[in-house]
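To keep things clear, I will list the structure first and then write my remarks on it.
Protein chains: 2
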Amino acid sequence: MSKITIRDVAKQCNVSVSTVSRAINNHPEINQRTRNIILKKIKELGYTPNSNARNLKRLETNTIAVLIKGIGNLFFQPMFKVLENEITKNGYSFLLYKVEEQDNEIDVALKLSQDIKPKGIIFLGGCFMDEDKKILEEIGIPFVVTAIVSKNMSIKNSACVGVDDFLESKKMVNYLLSLGHKKIAIIGSRYDDASIGMLRVNGYKQALTENNISIDENLIFTTTKNEDPYTFEYGYKTIDILLDKKLDFSAIYCVSDAIAIGVLKRLREKGIKSPRDYSVVGFDGLEINDYLNPTITTIKQPVENMALTACNVLFNIISGKPYKKVVTFEGELFVGQTTDKR
Amino acid sequence: MSKITIRDVAKQCNVSVSTVSRAINNHPEINQRTRNIILKKIKELGYTPNSNARNLKRLETNTIAVLIKGIGNLFFQPMFKVLENEITKNGYSFLLYKVEEQDNEIDVALKLSQDIKPKGIIFLGGCFMDEDKKILEEIGIPFVVTAIVSKNMSIKNSACVGVDDFLESKKMVNYLLSLGHKKIAIIGSRYDDASIGMLRVNGYKQALTENNISIDENLIFTTTKNEDPYTFEYGYKTIDILLDKKLDFSAIYCVSDAIAIGVLKRLREKGIKSPRDYSVVGFDGLEINDYLNPTITTIKQPVENMALTACNVLFNIISGKPYKKVVTFEGELFVGQTTDKR
DNA sequence: TTGAAAGCGCTAACAG
DNA sequence: CTGTTAGCGCTTTCAA
């Protein structure tokens, strides 16, 4: 294991370490010739600067950190390459950082900002509580959040991009209503989920209320268990519980496509047909949905565009250009093959 | 932004920095009482040690790094939680590190081992060339590779766990042959793919040869473009090219489930039925396959078990216990609804 | 344009 | 058991 340091390079080039440092960091105040000599030597030796030492000194690195909570969620999948492309294309280096399910992403961000001192942070998923906002202020690093609940943030140097989950959810339910469905069951996430899942449930309630349909709490399913509601399995298991209750409904609104996929599988196994017996709808617009049979009626979020915009807004914040604090995308009602008139 | 250092803590506790260091690092030679006082103060101040400074000094951290190449590949998805669980359960900290498609994972590993000095590395995906092996030797850090081509490695402190792609591929083709299919088209990856894709193609050839069926190069599709062969889209587009050639075949072997999913979608759009018109098979056993309609006949790799084993082998290497250099799992021939007798 | 030297925050000898 | 001290490899004043 080679352990070449900046001193080795300096010695080999008969210059001081500071000159080598200037060479690697593209400092202006260095002779082009010495610079080239040093750079050649560096390549020759296969030297790479130790990033710990660098980060220890530097007050800022050239990195954009992407913090993702819920790496298992297929929804984020298409974002990776967009983020990576956009970030590197703009001269930053890209760091994808996974936040464990039980960890608080704010704490992680705090730690990260102390350690690697990124130029900016993009949060994917997770959930910001009100009290978190103050802490975020402390970060002092520009950040933007996507696919996250907190829409109106008073924090400086930050923005939020995404769809309006509440409104889009209403859109979905209104579509079901327009098909003649009046009794719509909904499969949500944790009952105490203060995050996106709850916004969608609230949108559902609101849509019903606005249409003078009373809300039947029995038709609202939220789990108490600490399950991941963005999995096929969750939908697969949950639909059984719902069916066992022998309730009367004609449509099933799953707050994520993943849930819907699980639900449809189970229905198929039971010989229950969609949309004949039940209309089933999802939310998100996962890539896989285009390849399913039947395709699921859902709200398609413009994931790639959201990722792209998240980057651009962040770049604007970083470079002091004007930016919109909240960028709201419209979801597209994708009518698949799992819905029909009542 | 708070910038509390170990000195601040030391001052606040009226001890020296080394004592604080001992406290955070769980050193034995420290008084339990002072330790507790320090720890309490640390929590109170919200102090977190700067990992750059730590890593700079330390010759080794307590981290297991997981290097993944191809984070877009659904195949790896179920591994994340297993790896995370297993690694943290065993007292290590878990670092997921994404290797960019164009980067060489060995270089990344080298850099990583210099920077964060992990106790061990797990490689997911990617491809090791013969020349890489020497470089790996230099890492000097225990590592295990999964879902990677290189099966017989002479490198010390390393192991390989996975299925035998060549044999499993033969198994798949033999199954198709047993159904009476003689003309089997195969959709592979890049023609110069020295990785898993090629092993599977080779298995296909071998199975045919062993059954005295001559290999028709026209039926072997490999792309020259730099596409990701583990995407739905690749299958979706590729099947058109294949069909346009008006070749005679009764079965389509896709070297990944993702390809098969894309293929089936396109066939459906064209009104071509599987298995009636073509039997279609995949490889991998993606989780989503259980939820598809029809389910795809495939080779199921025991992903979770592979991930688990990768961890355990790595732990054994680290702690100097005996271990198997090559752990080969058997794939399960999963007969789905996309295959039928010729 | 370059070099000398002072740390960044921490760990780990080495003394006490 | 605890404190003093010397760096880890690098960046960055400050002088030359």
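One line per chain: the protein sequences are W and G, in this order. Add 8 to the 1-based position in the first sequence for the working numbering, that's all there is to it. Add 8 to the 1-based position in the second sequence for the working numbering, that's all there is to it. From the three backbone atoms N, C-alpha and C, an ideal C-beta is built for every residue, glycine too.
CA-to-CA distance, residue j to residue i, given in whole angstroms
i, j, result
"C367 (chain G)", "K254 (chain W)", "With chain G covering only 9 through 350, there is no way to say anything about residue 367 (chain G)."
"T13 (chain W)", "K97 (chain W)", "29 Å"
"G290 (chain G)", "Y212 (chain G)", "12 Å"
"I143 (chain W)", "K179 (chain G)", "57 Å"
"V169 (chain G)", "I325 (chain G)", "13 Å"
"M9 (chain G)", "A73 (chain G)", "Any reading at M9 (chain G) needs caution, since the residue's pLDDT is 46, under 50, leaving its predicted position unreliable; the model's value is listed next. If you take the alpha carbons of M9 (chain G) and A73 (chain G), they lie about 29 Å apart."
"I194 (chain W)", "C135 (chain W)", "21 Å"
"D16 (chain W)", "T71 (chain G)", "28 Å"
"L104 (chain G)", "I221 (chain W)", "48 Å"
"F174 (chain G)", "F337 (chain G)", "12 Å"
"Y331 (chain W)", "F323 (chain W)", "9 Å"
Option nearest residue i by Cα separation, candidates the options
i, options, result
"G128 (chain W)", "W:Y100, W:A268 and W:Q110", "W:Y100"
"L187 (chain G)", "G:S24, G:D348, G:N210 and G:K125", "G:D348"
"L75 (chain G)", "G:D248, G:I192 and G:F88", "G:F88"
"E295 (chain W)", "G:E241, G:D236 and G:P302", "G:E241"
"Q2 (chain G)", "G:V334, G:D292, G:N301 and G:I304", "No answer is possible for residue 2 (chain G): the residues shown for chain G start at 9 and end at 350."
"T154 (chain G)", "G:I195, G:L316, G:F323 and G:P126", "G:L316"
"S121 (chain G)", "G:G78, G:L67 and G:Y299", "G:L67"
"D172 (chain G)", "G:E139, G:I307, G:S287 and G:A61", "G:I307"
"I192 (chain W)", "W:A215, W:I204, W:E176 and W:L207", "W:A215"
Buried versus exposed call for residue i [16 or more other C-beta atoms within 10 Å across all chains shown]
i, result
"M137 (chain G)", "exposed"
"I418 (chain G)", "Lying before the first or after the last residue shown, residue 418 (chain G) is absent from chain G, which here runs from 9 to 350."
"R41 (chain G)", "exposed"
"D252 (chain G)", "exposed"
"D265 (chain W)", "buried"
"Q110 (chain W)", "exposed"
"P283 (chain W)", "buried"
"H189 (chain G)", "buried"
"S258 (chain W)", "buried"
"G328 (chain W)", "exposed"
"I223 (chain G)", "exposed"
"L275 (chain W)", "buried"
"I249 (chain W)", "exposed"
"K273 (chain G)", "buried"
"S59 (chain W)", "buried"
"N44 (chain G)", "exposed"
"S26 (chain G)", "exposed"
"P150 (chain G)", "buried"
"T239 (chain G)", "buried"
is_contact[residue i, chain W] using C-beta, thresh 8 Å
i, result
"D138 (chain G)", "no"
"G278 (chain G)", "The sequence given here places Lys at residue 278 (chain G); Gly does not occur at that position. For K278 (chain G), the answer is no, since every Cβ of chain W falls outside 8 Å of its Cβ."
"S282 (chain G)", "no"
"E68 (chain G)", "no"
"T56 (chain G)", "yes"
"K273 (chain G)", "yes"
"D123 (chain G)", "yes"
"F88 (chain G)", "yes"
"F323 (chain G)", "no"
"A117 (chain G)", "no"
"S59 (chain G)", "yes"
"L64 (chain G)", "yes"
"Q309 (chain G)", "no"
"K142 (chain G)", "no"
"Q110 (chain G)", "no"
"E295 (chain G)", "yes"
Any C-beta of chain G under 8 Å from that of residue i
i, result
"G290 (chain W)", "no"
"I269 (chain W)", "yes"
"Y299 (chain W)", "yes"
"M9 (chain W)", "Caution applies to M9 (chain W), whose pLDDT of 46 falls short of 50 and renders its modelled position unreliable; the model cannot decide the point."
"L104 (chain W)", "yes"
"F240 (chain W)", "yes"
"I32 (chain W)", "no"
"G80 (chain W)", "yes"
"Q85 (chain W)", "yes"
Heavy atom of the ligand SAH within 7 Å of residue i beta-carbon
i, result
"N22 (chain G)", "Of ligands this structure carries none, so the ligand SAH is not represented either."
* Asked: Residue ranges of each beta strand (DSSP E) run of no fewer than 3 residues wholly in the segment 218 to 253 of chain W, ordered along the chain?
  -> 228 to 231
* To do: Any chance you could list the beta strand (DSSP E) runs of at least 3 consecutive residues sitting entirely within the segment 16 to 84 of chain W, in chain order?
  => 71 to 77
* To do: At 4 residues or longer, and completely inside the segment 260 to 296 of chain G: list those alpha helix (DSSP H) runs for me, N to C.
  => 265 to 277
* To do: For the segment 173 to 202 of chain G, list the alpha helix (DSSP H) runs that are entirely contained and at least 4 residues long, ordered along the chain.
  => 173 to 186
* **Any alpha helix (DSSP H) of 4 or more consecutive residues that is wholly inside the segment 296 to 329 of chain W** => 311 to 326
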